[in-house]
Amino acid sequence: MPDLPQAVVVSAVAGRMRLRLPAHRDDAAFFARLAQRALMLPGVTGAAGTPLTAGLLLRFRGDAETVLAAAAREGLFRAAQPVPDQGHAASAAQLAPLGAAAFGLLALLQAARGAVLPPAATLLWYAGSLLRGATQPTPEE
Numbered sequence: 001m002p003d004l005p006q007a008v009v010v011s012a013v014a015g016r017m018r019l020r021l022p023a024h025r026d027d028a029a030f031f032a033r034l035a036q037r038a039l040m041l042p043g044v045t046g047a048a049g050t051p052l053t054a055g056l057l058l059r060f061r062g063d064a065e066t067v068l069a070a071a072a073r074e075g076l077f078r079a080a081q082p083v084p085d086q087g088h089a090a091s092a093a094q095l096a097p098l099g100a101a102a103f104g105l106l107a108l109l110q111a112a113r114g115a116v117l118p119p120a121a122t123l124l125w126y127a128g129s130l131l132r133g134a135t136q137p138t139p140e141e
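Under the UniProt record's numbering, the final residue of the sequence shown carries the number 141; numbering is consecutive throughout.
Laid out in structure tokens, this is it:
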């Protein structure tokens, strides 16, 4: 069997999967053919290719592994292991104390300049709001 394009699964939830095929970025003809052929896979109900981002969005019934196996069997692509994250972006709760400190320092600067109302008071209000928000649990915790 010829070498199949490598597709990296970047997100997968029940009934929906997004893949990247970076070797074919900007190849509109490739993604048009791929989407058309993907629609013929068992369980696939929708397919859309985006050449600009090298992405393929699949909607399907059943599980993702079955769709990926069928795609490899039909010669569309081979699923590759995703590249491990290089780190995570900081959450709002982690950045709130830093923002509050920045607002507090700006408030002190404004107060030192004699601009207590409204600039310094407003900045202190923003700092307090950030700190109050950081102590409240988020839905994902």
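Where is the CB? At the ideal position from N, CA and C, for every residue including glycine.
Leaving out five residues on either side along the sequence, give the residues of the same chain with a beta carbon under 6 Å from the beta carbon of Leu124. As a first step, residue 124 is located in the sequence shown; it is residue number 124 there, counting from the start. Counting only Cβ-Cβ distances below 6 Å, and skipping sequence neighbours, we find Ala107.
Give me the residue from Gly99, Arg61, Leu105 with the minimum Cα distance to Leu39. As a first step, residue 39 must be located in the sequence shown, where it is residue number 39. The shortest C-alpha separation from Leu39 is found at Arg61.
Own chain, CB closer than 8 Å to Gln110, minus 5 neighbours either side, in chain order: By one-based count along the sequence shown, residue 110 stands at place 110. Within the same chain, Gln110 has close Cβ partners Val116, Pro119, Ala120, Leu123.
Start and end of the alpha helix (DSSP H) containing Val13? Locating residue 13 in the sequence shown gives position 13, where the first residue counts as 1. Looking at the DSSP string, Val13 is not in any alpha helix (DSSP H); the run it does join, the beta strand (DSSP E), is 6-13.
When you compare the region 43-50 with the region 5-13, are there three or more beta-carbon pairs, one atom per stretch, that lie closer than 8 Å? no
Arg113, buried or exposed, once every other Cβ within 10 Å from all chains shown has been counted against 16: Indexing the sequence shown from 1 puts residue 113 at position 113. So Arg113 counts as exposed.
Can you say whether Arg132 is buried or exposed, counting buried as having 16 or more other CB atoms within 10 angstroms of its CB? The residue given as residue 132 occupies position 132 in the sequence shown. Arg132 comes out exposed.
Are the beta-carbon atoms of Leu57 and Arg18 separated by less than 7 Å? On the sequence shown, position 57 is the one that residue 57 refers to. On the sequence shown, position 18 is the one that residue 18 refers to. Closer than 7 Å, so yes.
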